[in-house]
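Numbering (the working numbering), first residue to last: 105 to 414.
All C-beta atoms in this analysis are idealised placements derived from N, C-alpha and C, irrespective of residue type, glycine included.
Here the structure is a predicted model, which means the values were calculated and not measured.
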Amino acid sequence: MIERFLHYIEAEKRFSPLTVDNYRRDIYRFVAWCETELEPPIRPFDPREVTLPLLREWILYRTERGKIAASSMNRELSSLRSLFRYLLRSGCVEKDLFRGLASVRTARRLPTFVPESRMKRILAQCAEKEREEDFTSLRDALIVEMFYACGIRLAELVGLDRDDLSADLWSLRVLGKGRKERSVPIVEPLRRKIARYLEQIERQNICKNGEKALFLTPKGDRISRTRVYRIVKSELHAEGVLGKCSPHVLRHTFATHLLDHGADMREIQELLGHASLQATQVYTHNSIAQLQKIYAAAHPRGHGNKRSKQ
105 MIERFLHYIE AEKRFSPLTV DNYRRDIYRF VAWCETELEP PIRPFDPREV
155 TLPLLREWIL YRTERGKIAA SSMNRELSSL RSLFRYLLRS GCVEKDLFRG
205 LASVRTARRL PTFVPESRMK RILAQCAEKE REEDFTSLRD ALIVEMFYAC
255 GIRLAELVGL DRDDLSADLW SLRVLGKGRK ERSVPIVEPL RRKIARYLEQ
305 IERQNICKNG EKALFLTPKG DRISRTRVYR IVKSELHAEG VLGKCSPHVL
355 RHTFATHLLD HGADMREIQE LLGHASLQAT QVYTHNSIAQ LQKIYAAAHP
405 RGHGNKRSKQ
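Now the structure itself:
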(Lines of atoms letter the chains of each structure in order from A and count residues from 1; the text may use other names and numbers.)
(Lines give C-alpha, C1' and ligand atoms only; values in the text may rest on other atoms or scores of the structure.)
Protein backbone atom coordinates (compact mmCIF):
# COMPACT_ATOMS: atom_id res chain seq x y z
CA MET A 1 0.00 0.00 0.00
CA ILE A 2 2.68 2.49 1.02
CA GLU A 3 5.08 1.26 -1.64
CA ARG A 4 2.33 1.66 -4.27
CA PHE A 5 1.94 5.27 -3.16
CA LEU A 6 5.69 5.88 -3.35
CA HIS A 7 5.78 4.36 -6.82
CA TYR A 8 2.87 6.61 -7.80
CA ILE A 9 4.58 9.86 -6.74
CA GLU A 10 7.80 8.79 -8.45
CA ALA A 11 6.39 7.41 -11.72
CA GLU A 12 3.23 9.50 -12.20
CA LYS A 13 3.75 12.65 -10.14
CA ARG A 14 7.41 12.66 -11.24
CA PHE A 15 8.79 13.64 -7.85
CA SER A 16 12.57 13.66 -7.57
CA PRO A 17 14.33 10.65 -5.96
CA LEU A 18 15.31 12.88 -3.03
CA THR A 19 11.69 13.91 -2.43
CA VAL A 20 10.50 10.30 -2.67
CA ASP A 21 13.14 9.30 -0.09
CA ASN A 22 11.90 12.06 2.24
CA TYR A 23 8.30 10.87 1.86
CA ARG A 24 9.37 7.28 2.52
CA ARG A 25 11.25 8.22 5.69
CA ASP A 26 8.41 10.42 7.01
CA ILE A 27 5.71 7.83 6.39
CA TYR A 28 7.58 4.83 7.78
CA ARG A 29 8.56 6.81 10.88
CA PHE A 30 4.85 7.42 11.53
CA VAL A 31 4.01 3.76 10.85
CA ALA A 32 6.72 2.58 13.27
CA TRP A 33 5.33 4.89 15.94
CA CYS A 34 1.80 3.57 15.43
CA GLU A 35 3.03 -0.03 15.71
CA THR A 36 5.33 0.37 18.71
CA GLU A 37 4.70 3.55 20.71
CA LEU A 38 0.92 3.72 20.87
CA GLU A 39 -1.08 2.22 23.71
CA PRO A 40 -2.60 0.01 22.43
CA PRO A 41 -0.40 -0.23 19.31
CA ILE A 42 -1.79 -0.44 15.78
CA ARG A 43 -0.06 -3.65 14.76
CA PRO A 44 0.03 -4.33 11.90
CA PHE A 45 -0.46 -0.79 10.68
CA ASP A 46 -3.95 -0.12 9.33
CA PRO A 47 -4.64 3.39 7.96
CA ARG A 48 -8.35 2.97 8.75
CA GLU A 49 -7.48 3.07 12.46
CA VAL A 50 -5.75 6.42 12.21
CA THR A 51 -7.84 9.23 13.74
CA LEU A 52 -7.55 13.00 14.02
CA PRO A 53 -6.73 12.83 17.77
CA LEU A 54 -4.03 10.28 16.96
CA LEU A 55 -2.48 12.64 14.39
CA ARG A 56 -2.45 15.42 16.98
CA GLU A 57 -0.77 13.04 19.42
CA TRP A 58 1.84 12.32 16.73
CA ILE A 59 2.56 16.04 16.39
CA LEU A 60 3.09 16.37 20.15
CA TYR A 61 5.32 13.29 20.17
CA ARG A 62 7.53 14.60 17.36
CA THR A 63 7.74 18.23 18.53
CA GLU A 64 8.20 17.52 22.25
CA ARG A 65 10.14 14.27 22.39
CA GLY A 66 11.69 14.50 18.92
CA LYS A 67 12.28 18.25 19.38
CA ILE A 68 11.89 18.90 15.64
CA ALA A 69 11.22 22.38 14.31
CA ALA A 70 7.75 23.43 13.18
CA SER A 71 8.91 23.57 9.56
CA SER A 72 10.14 19.95 9.74
CA MET A 73 6.89 18.86 11.39
CA ASN A 74 4.89 20.48 8.61
CA ARG A 75 6.97 18.66 6.01
CA GLU A 76 6.25 15.33 7.72
CA LEU A 77 2.55 16.19 7.87
CA SER A 78 2.64 17.03 4.17
CA SER A 79 4.02 13.56 3.42
CA LEU A 80 1.25 11.92 5.47
CA ARG A 81 -1.40 14.20 3.97
CA SER A 82 -0.40 13.13 0.46
CA LEU A 83 -0.46 9.45 1.47
CA PHE A 84 -3.92 9.60 3.05
CA ARG A 85 -5.43 11.54 0.15
CA TYR A 86 -4.04 8.89 -2.19
CA LEU A 87 -5.59 6.21 0.04
CA LEU A 88 -8.90 8.11 0.01
CA ARG A 89 -8.96 8.15 -3.79
CA SER A 90 -8.05 4.46 -3.80
CA GLY A 91 -10.92 3.61 -1.41
CA CYS A 92 -8.56 2.38 1.35
CA VAL A 93 -9.85 4.99 3.83
CA GLU A 94 -13.26 6.64 4.04
CA LYS A 95 -12.50 10.27 4.93
CA ASP A 96 -9.81 12.91 4.67
CA LEU A 97 -8.49 13.28 8.22
CA PHE A 98 -6.27 16.16 7.28
CA ARG A 99 -9.17 18.41 6.38
CA GLY A 100 -9.52 19.20 10.09
CA LEU A 101 -5.79 19.40 10.85
CA ALA A 102 -4.02 22.75 10.68
CA SER A 103 -0.32 23.08 10.00
CA VAL A 104 1.99 23.88 12.89
CA ARG A 105 2.54 27.62 13.19
CA THR A 106 6.03 28.68 12.11
CA ALA A 107 7.90 31.91 12.67
CA ARG A 108 8.28 33.76 9.39
CA ARG A 109 11.95 33.93 8.42
CA LEU A 110 13.31 36.09 5.65
CA PRO A 111 15.48 34.33 3.09
CA THR A 112 19.19 34.79 3.80
CA PHE A 113 21.08 36.57 1.04
CA VAL A 114 24.50 38.10 0.40
CA PRO A 115 24.61 41.91 0.08
CA GLU A 116 25.74 43.23 -3.31
CA SER A 117 28.98 44.73 -1.99
CA ARG A 118 30.07 41.39 -0.56
CA MET A 119 28.85 39.48 -3.61
CA LYS A 120 31.13 41.63 -5.76
CA ARG A 121 34.10 40.54 -3.63
CA ILE A 122 33.08 36.90 -3.96
CA LEU A 123 32.89 37.26 -7.75
CA ALA A 124 36.30 38.96 -7.76
CA GLN A 125 37.64 36.01 -5.81
CA CYS A 126 36.13 33.67 -8.39
CA ALA A 127 37.76 35.69 -11.18
CA GLU A 128 41.15 35.13 -9.54
CA LYS A 129 40.56 31.37 -9.56
CA GLU A 130 39.51 31.48 -13.20
CA ARG A 131 42.91 32.84 -14.21
CA GLU A 132 44.50 29.61 -13.06
CA GLU A 133 44.90 26.70 -15.47
CA ASP A 134 43.75 24.25 -12.80
CA PHE A 135 40.52 22.48 -13.80
CA THR A 136 39.18 22.23 -10.24
CA SER A 137 39.67 25.94 -9.52
CA LEU A 138 37.93 26.90 -12.74
CA ARG A 139 35.04 24.51 -12.04
CA ASP A 140 34.57 25.69 -8.44
CA ALA A 141 34.47 29.34 -9.48
CA LEU A 142 31.97 28.57 -12.24
CA ILE A 143 29.70 26.68 -9.82
CA VAL A 144 29.44 29.74 -7.54
CA GLU A 145 28.78 32.06 -10.48
CA MET A 146 26.20 29.69 -11.97
CA PHE A 147 24.16 29.71 -8.76
CA TYR A 148 24.29 33.50 -8.53
CA ALA A 149 23.72 34.27 -12.22
CA CYS A 150 21.02 31.65 -12.90
CA GLY A 151 19.32 31.20 -9.51
CA ILE A 152 19.11 27.42 -9.87
CA ARG A 153 18.73 24.88 -7.09
CA LEU A 154 21.46 22.53 -5.90
CA ALA A 155 19.76 19.45 -7.37
CA GLU A 156 19.22 21.30 -10.66
CA LEU A 157 22.89 22.24 -10.96
CA VAL A 158 24.13 18.73 -10.16
CA GLY A 159 21.69 17.31 -12.72
CA LEU A 160 22.84 19.57 -15.58
CA ASP A 161 24.26 17.91 -18.70
CA ARG A 162 26.42 19.67 -21.25
CA ASP A 163 23.68 19.32 -23.87
CA ASP A 164 21.37 21.36 -21.59
CA LEU A 165 23.35 24.36 -22.81
CA SER A 166 22.13 25.85 -26.07
CA ALA A 167 24.52 25.53 -29.00
CA ASP A 168 25.43 29.23 -28.75
CA LEU A 169 25.66 29.08 -24.89
CA TRP A 170 23.09 31.85 -24.49
CA SER A 171 20.54 29.77 -22.56
CA LEU A 172 20.32 26.84 -20.19
CA ARG A 173 17.63 24.14 -20.02
CA VAL A 174 16.84 23.34 -16.37
CA LEU A 175 14.81 20.41 -15.07
CA GLY A 176 13.15 21.61 -11.87
CA LYS A 177 10.81 20.22 -9.26
CA GLY A 178 8.23 17.81 -10.63
CA ARG A 179 10.52 17.51 -13.66
CA LYS A 180 9.18 20.80 -14.99
CA GLU A 181 11.48 22.21 -17.62
CA ARG A 182 12.36 25.89 -17.89
CA SER A 183 14.84 27.96 -19.87
CA VAL A 184 17.22 30.31 -18.06
CA PRO A 185 19.17 32.98 -19.98
CA ILE A 186 22.95 33.14 -19.62
CA VAL A 187 24.57 36.56 -19.33
CA GLU A 188 27.65 37.38 -21.40
CA PRO A 189 30.30 37.22 -18.61
CA LEU A 190 29.01 33.79 -17.51
CA ARG A 191 28.81 32.62 -21.13
CA ARG A 192 32.52 33.32 -21.64
CA LYS A 193 33.41 31.42 -18.48
CA ILE A 194 31.31 28.42 -19.47
CA ALA A 195 33.02 28.35 -22.87
CA ARG A 196 36.42 28.39 -21.20
CA TYR A 197 35.40 25.63 -18.81
CA LEU A 198 34.18 23.43 -21.68
CA GLU A 199 37.45 24.03 -23.51
CA GLN A 200 39.31 22.95 -20.36
CA ILE A 201 37.36 19.68 -20.26
CA GLU A 202 38.35 19.00 -23.87
CA ARG A 203 41.96 20.10 -23.47
CA GLN A 204 42.60 18.01 -20.36
CA ASN A 205 40.50 15.10 -21.62
CA ILE A 206 38.57 15.11 -18.34
CA CYS A 207 35.54 13.21 -19.63
CA LYS A 208 36.95 9.86 -20.71
CA ASN A 209 33.98 7.67 -19.86
CA GLY A 210 31.27 9.40 -21.91
CA GLU A 211 29.72 11.14 -18.88
CA LYS A 212 27.36 13.90 -20.09
CA ALA A 213 27.34 15.94 -16.87
CA LEU A 214 28.26 19.61 -17.06
CA PHE A 215 30.03 19.65 -13.72
CA LEU A 216 32.58 16.88 -13.37
CA THR A 217 35.16 15.57 -10.95
CA PRO A 218 38.78 15.50 -12.16
CA LYS A 219 38.20 11.79 -12.89
CA GLY A 220 35.32 12.60 -15.23
CA ASP A 221 32.38 11.59 -13.03
CA ARG A 222 29.30 13.71 -12.27
CA ILE A 223 29.98 15.90 -9.26
CA SER A 224 28.04 15.07 -6.07
CA ARG A 225 25.61 17.29 -4.17
CA THR A 226 27.85 17.08 -1.10
CA ARG A 227 30.90 18.29 -3.01
CA VAL A 228 29.01 21.23 -4.54
CA TYR A 229 27.68 22.23 -1.11
CA ARG A 230 31.20 22.21 0.32
CA ILE A 231 32.54 24.27 -2.59
CA VAL A 232 29.94 27.00 -2.08
CA LYS A 233 30.36 26.98 1.70
CA SER A 234 34.13 27.35 1.35
CA GLU A 235 33.90 30.21 -1.17
CA LEU A 236 31.39 32.17 0.92
CA HIS A 237 33.28 31.63 4.17
CA ALA A 238 36.49 32.80 2.51
CA GLU A 239 34.88 36.21 1.95
CA GLY A 240 33.55 36.48 5.48
CA VAL A 241 29.90 35.53 4.89
CA LEU A 242 28.49 34.61 8.29
CA GLY A 243 25.72 32.18 9.14
CA LYS A 244 24.36 29.78 6.58
CA CYS A 245 26.58 29.46 3.50
CA SER A 246 24.71 27.18 1.11
CA PRO A 247 23.82 27.09 -2.59
CA HIS A 248 20.30 28.16 -1.64
CA VAL A 249 21.70 31.38 -0.15
CA LEU A 250 23.05 32.22 -3.62
CA ARG A 251 19.65 31.41 -5.13
CA HIS A 252 18.05 33.82 -2.64
CA THR A 253 20.73 36.38 -3.48
CA PHE A 254 19.96 36.05 -7.20
CA ALA A 255 16.26 36.73 -6.61
CA THR A 256 16.75 39.54 -4.11
CA HIS A 257 19.23 41.43 -6.30
CA LEU A 258 16.96 41.10 -9.34
CA LEU A 259 14.06 42.51 -7.36
CA ASP A 260 16.18 45.33 -5.95
CA HIS A 261 17.09 46.35 -9.51
CA GLY A 262 13.50 46.48 -10.72
CA ALA A 263 12.83 43.01 -12.16
CA ASP A 264 9.17 42.02 -12.45
CA MET A 265 7.94 39.57 -9.81
CA ARG A 266 6.47 37.17 -12.37
CA GLU A 267 9.70 37.15 -14.35
CA ILE A 268 11.59 36.20 -11.18
CA GLN A 269 9.00 33.49 -10.51
CA GLU A 270 9.62 32.02 -13.95
CA LEU A 271 13.40 32.16 -13.60
CA LEU A 272 13.28 30.46 -10.19
CA GLY A 273 10.83 27.80 -11.35
CA HIS A 274 8.34 28.55 -8.57
CA ALA A 275 4.93 26.96 -9.05
CA SER A 276 3.14 29.92 -7.49
CA LEU A 277 3.79 33.64 -7.15
CA GLN A 278 3.32 33.35 -3.39
CA ALA A 279 6.64 31.50 -3.08
CA THR A 280 8.40 34.34 -4.90
CA GLN A 281 6.77 37.19 -2.98
CA VAL A 282 8.84 36.44 0.13
CA TYR A 283 11.71 38.32 -1.54
CA THR A 284 9.75 41.56 -1.34
CA HIS A 285 10.22 41.42 2.44
CA ASN A 286 13.99 41.37 2.00
CA SER A 287 13.81 44.49 -0.14
CA ILE A 288 11.50 46.25 2.31
CA ALA A 289 13.82 45.35 5.20
CA GLN A 290 16.74 46.84 3.25
CA LEU A 291 14.78 50.01 2.50
CA GLN A 292 13.93 50.36 6.19
CA LYS A 293 17.65 50.23 7.07
CA ILE A 294 18.44 52.89 4.46
CA TYR A 295 15.60 55.06 5.73
CA ALA A 296 16.71 54.72 9.34
CA ALA A 297 20.28 55.66 8.44
CA ALA A 298 19.60 58.50 5.99
CA HIS A 299 16.21 60.11 6.63
CA PRO A 300 16.08 63.08 9.04
CA ARG A 301 13.37 61.30 11.02
CA GLY A 302 15.08 57.89 10.85
CA HIS A 303 15.95 56.29 14.19
CA GLY A 304 19.54 55.69 13.10
CA ASN A 305 20.18 59.28 12.05
CA LYS A 306 22.82 60.92 14.24
CA ARG A 307 22.65 64.48 12.93
CA SER A 308 21.51 67.06 15.37
CA LYS A 309 18.36 69.05 14.80
CA GLN A 310 18.76 72.40 13.17
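Span of the beta strand (DSSP E) holding residue i?
i	result
Lys194	With the sequence shown as reference, residue 194 is identified as Ser, and Lys is not the correct amino acid for it. Unbroken run through Ser194: none, as it is neither H nor E.
Arg277	Ser275 to Leu279
Val288	Glu285 to Pro289
Exposed or buried, what is residue i when buried is set at 16 or more other beta-carbons lying within 10 Å of its beta-carbon?
i	result
Gln308	exposed
Pro351	buried
Arg147	exposed
Glu260	buried
Lys297	buried
Ser287	exposed
Ser380	exposed
Met223	buried
Ends of the alpha helix (DSSP H) at residue i?
i	result
Val218	No alpha helix (DSSP H) holds Val218; DSSP gives it neither H nor E.
Ser241	Phe239 to Cys254
Val353	Pro351 to Asp364
Val90	Outside the displayed range of the chain (105 to 414) lies residue 90, so it cannot be described from this structure.
Pro157	Leu156 to Leu164
Val345	That residue, Val345, is in no alpha helix (DSSP H); it is neither H nor E in DSSP.
Glu116	It is not in any alpha helix (DSSP H) - Glu116 carries neither H nor E in the DSSP assignment.
Pro293	Glu292 to Arg307
Ala206	Premise fails: Ala206 is in no alpha helix (DSSP H) and is neither H nor E.
Please confirm whether residue i and residue j have their CB atoms less than 7 Å apart.
i	j	result
Glu237	Ala245	no
Val345	Val218	yes
Glu377	Arg118	It is Gly, not Glu, that sits at residue 377 in the sequence shown. Not in contact: Gly377 and Arg118 (Cβ atoms no closer than 7 Å).
Lys337	Thr216	no
Glu153	Pro145	no
Val208	Ala173	no
Arg329	Leu258	yes
Ser183	Asp130	yes
Leu158	Leu205	no
Gln304	Leu242	yes
Thr360	Gln373	no
Could you tell me whether any Cβ in chain C is nearer than 7 Å to the Cβ of residue i?
i	result
Lys281	The question asks about chain C, but that chain is absent: this structure has only one protein chain.
Can we say the region 244–258 touches the region 281–293, given the rule of at least three CB pairs closer than 8 Å? yes
Flag this pair as touching only if the region 272–283 and the region 352–363 have three or more C-beta atom pairs under 8 Å; answer yes or no. no
Segment contact, 8 Å Cβ cut-off, at least three pairs: the region 314–321 with the region 260–270: yes
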